[in-house]
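Chains as they are written, first to last, in this note's numbering: chain A, 148 to 378; chain B, 148 to 378. From the three backbone atoms N, C-alpha and C, an ideal C-beta is built for every residue, glycine too. Here's the structure, in structure tokens; my notes come after.
2 protein chains.
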Amino acid sequence: MPSERPRRRIPEATVARLPVYLRILGEQADLEIDRISSDRLAELAGVNAAKVRKDLSYLGSYGTRGVGYEVGYLVYQIRRELGLTHDWPVVIVGAGNLGQALAGYGGFGERGYPVAGVVDVDPAKIGSVLGGVRVRHIDELAQIVQSRRVNIGVVATPPAAAQDAAERLVRAGVTSILNFAPVVLTVPRSVEVRKVDLAVELQILSYHEQRRADGTLRSVGGAGATRSASA
Amino acid sequence: MPSERPRRRIPEATVARLPVYLRILGEQADLEIDRISSDRLAELAGVNAAKVRKDLSYLGSYGTRGVGYEVGYLVYQIRRELGLTHDWPVVIVGAGNLGQALAGYGGFGERGYPVAGVVDVDPAKIGSVLGGVRVRHIDELAQIVQSRRVNIGVVATPPAAAQDAAERLVRAGVTSILNFAPVVLTVPRSVEVRKVDLAVELQILSYHEQRRADGTLRSVGGAGATRSASA
DNA sequence: CCGGCTTTGTGAACGTGTGCACGAGTGCCT
DNA sequence: AGGCACTCGTGCACACGTTCACAAAGCCGG
């Protein structure tokens, strides 16, 4: 087993697909399938086979021509590349509707992202327990981040409080933020931000519905072959 | 006021940014600001000014050289392009943790996406009320979709049930799906799917953290100028 | 051991998205 | 009225991402 790390830069688009491959490969492993072709993986992931091969080639993880890829090895490689060889504790800011749902979700910890803490400004919320974690005051944020070595923060506050939450996270030492609030966060360049915005997703869908409606001189019965769809 | 609709095809990347512009413009309108330059809008949206101008040019909505854009008119144009001139009722499949959070969220209806119904397979959940909507059995899905003219479905089921949920939605006549389950849905080409996947987002963040850690011969104190970050 | 079948890895072409730079209008001030 | 400062709209070049197509490489049966 080669311990080489080619360490080439992996394109963002590829990074975004690796988690999907990883999940599928895990499912295949559970089914005791230990070899898979790019064609099959592409089908399961809903993408083009050439794309799969090119994506995997960035890992330096070689498949075997004429045979395919070894599932277990691929899982190992992708996990390493995504930094999933150890846990990444996260801290959630905001114990409202969303914060509660996230903390109670449970899928966090199982997937390697244990909730190191939940904080809020509202004294009424402090002390209540969400998913096994007690809600603490936001002033304790820095202490939590440092003692638990947290790198990833989740912003689950109302829009008006999100920028402040982000700034506190950054000051506490967090370097990656997952933002659920519908606002554009301003942070230092060195901090990575990803946004999950329900309203944006719905509006993109309604744009397409709208377009569809405009051209509604066309067919009524939904024709079209079946295909796989990802994000 | 020109009633022309240039109706050019708008690039996907632009479509994904229009909702962000729209939200910002709405905030500006609330502040009684009725004119805005591409520079200012770019700053607030965390993007390049040229990109803003190019994006807006697809709308055919013209700004005024030397002055900027009229906020109200821009809002009107973007809303129309995104199909926000009328409500888009949505139906939620799955009344578990996530489905409950979504239905109870409230932000749906306010933003033009009223919850026309919530359905589940579990008899124990049926009848309970979420966000003013009673949970009904999944067999009533088609009836809800047709009577309420629903085009958009939300999949909030466990992974194993997601494909079935999607198929039922499609059969009922839904043409756009917002998928929260971590699976790749297979649907007819004519159906638009968007995915929101927490695990994927976290894994992308940890990839970057991982990379950061690899190169950790570099600075420790987080340097770097402040900038805006979007999705 | 050879020939045929399979599947990878990747060069090259194409399409999409980004950002600069500048011409072309517009409004304001003198 | 003329000049100046400002800001839009867009042509162009470049970067990034996707897909095709095929040579290279491995496996298997005879």
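Beta-carbon proximity of residue i to residue j, cut-off 8 Å
{"i": "A/R296", "j": "B/L352", "result": "no"}
{"i": "A/Q224", "j": "A/S208", "result": "yes"}
{"i": "A/E228", "j": "A/L165", "result": "yes"}
{"i": "A/R170", "j": "B/P329", "result": "yes"}
{"i": "B/Y216", "j": "B/I183", "result": "yes"}
{"i": "B/Q247", "j": "B/L288", "result": "no"}
{"i": "A/A176", "j": "A/S185", "result": "no"}
{"i": "B/A160", "j": "A/V347", "result": "no"}
{"i": "B/V317", "j": "A/L191", "result": "no"}
{"i": "A/I273", "j": "A/V282", "result": "yes"}
{"i": "B/D410", "j": "B/V218", "result": "Only positions 148 to 378 of chain B appear in this structure, which leaves residue 410 of chain B out of reach."}
{"i": "A/I285", "j": "A/D267", "result": "yes"}
{"i": "B/G241", "j": "B/T304", "result": "yes"}
{"i": "A/S254", "j": "A/V262", "result": "Note on residue identity: the sequence assigns Gly, not Ser, to residue 254 of chain A. For A/G254 and A/V262, no; Cβs fall outside 8 Å."}
{"i": "A/L231", "j": "A/G251", "result": "no"}
{"i": "B/V118", "j": "A/V194", "result": "What the structure shows of chain B is the stretch from 148 to 378, and residue 118 of chain B is not part of that stretch, so it cannot be assessed."}
{"i": "B/G320", "j": "B/Q357", "result": "no"}
{"i": "B/E339", "j": "A/H233", "result": "no"}
Distance cut-off 7 Å: residue i Cβ against heavy atoms of the ligand MG
{"i": "B/V340", "result": "This structure does not include the ligand MG; it has no bound ligands of any sort."}
DSSP state of residue i mapped onto helix, strand, coil
{"i": "B/N244", "result": "helix"}
{"i": "A/S275", "result": "coil"}
{"i": "A/R283", "result": "strand"}
{"i": "A/S150", "result": "Unreliable placement is indicated for A/S150, whose pLDDT of 39 sits below 50; the coordinate value is still reported in the next sentence. Three-state result, A/S150: coil."}
{"i": "B/A370", "result": "Model confidence at B/A370 stands at a pLDDT of 47, short of 50, so the residue's coordinates are unreliable and nothing is read from them."}
{"i": "A/A163", "result": "helix"}
{"i": "A/A378", "result": "For A/A378, the pLDDT reaches just 47, beneath the cut-off of 50, and the residue's location in the model is therefore unreliable, although a value from the coordinates is still provided. In this structure, A/A378 counts as coil in the three-state DSSP scheme."}
{"i": "A/A386", "result": "The requested residue 386 of chain A does not occur in the structure, where chain A is confined to residues 148 to 378."}
{"i": "B/A328", "result": "coil"}
{"i": "B/A303", "result": "coil"}
{"i": "B/Y216", "result": "strand"}
{"i": "B/R226", "result": "helix"}
Residue-chain proximity (residue i, chain A), Cβ-Cβ < 8 Å
{"i": "B/Q310", "result": "no"}
{"i": "B/P329", "result": "yes"}
{"i": "B/R170", "result": "yes"}
{"i": "B/R281", "result": "no"}
{"i": "B/S204", "result": "no"}
{"i": "B/L325", "result": "yes"}
{"i": "B/S375", "result": "yes"}
{"i": "B/G387", "result": "With chain B covering 148 to 378 only, the question about residue 387 of chain B has no answer from this structure."}
{"i": "B/G215", "result": "no"}
Residue i at chain B interface by Cβ criterion, 8 Å
{"i": "A/A289", "result": "no"}
{"i": "A/I351", "result": "yes"}
{"i": "A/V106", "result": "The first residue shown for chain A is 148 and the last is 378, placing residue 106 of chain A beyond what the model contains."}
{"i": "A/E348", "result": "yes"}
{"i": "A/Y209", "result": "no"}
{"i": "A/L316", "result": "no"}
{"i": "A/R359", "result": "yes"}
{"i": "A/E356", "result": "yes"}
{"i": "A/G274", "result": "no"}
Handout entry: Chain-ordered residues of the region 220–231 of chain A with a beta carbon less than 9 Å from chain B
Key = R227, E228, L229, G230 and L231
Practice task
Please determine if the region 296–311 of chain A and the region 319–331 of chain A are in contact, where contact requires at least 3 C-beta pairs separated by less than 8 Å.
Solution key: yes
Exercise for the section: Could you tell me whether the region 209–222 of chain B touches the region 300–314 of chain B, using the rule of 3 or more Cβ pairs below 8 Å? Expected result: no
Problem - chain B contacts made by the region 232–260 of chain A, where a contact means CB separation under 9 Å - result: T232, W235, V237, N244, L245, Q247, A248, L249, G251, Y252, G253, G254, F255, R258, G259 and Y260
Handout entry: Interface residues of the region 161–191 of chain B facing chain A [CB-CB below 8 Å]
Key = V162, A163, L165, P166, V167, L169, R170, I171 and L191
Handout entry: Members of the region 295–306 of chain A that neighbour chain B once the beta carbon cut-off is set at 8 Å
Key = N298 and I299
Problem - Within 8 Å of chain B by C-beta, residues of the region 334–345 of chain A in sequence order - result: V334, P335, R336, S337, V338, E339, V340, R341, K342, V343, D344 and L345
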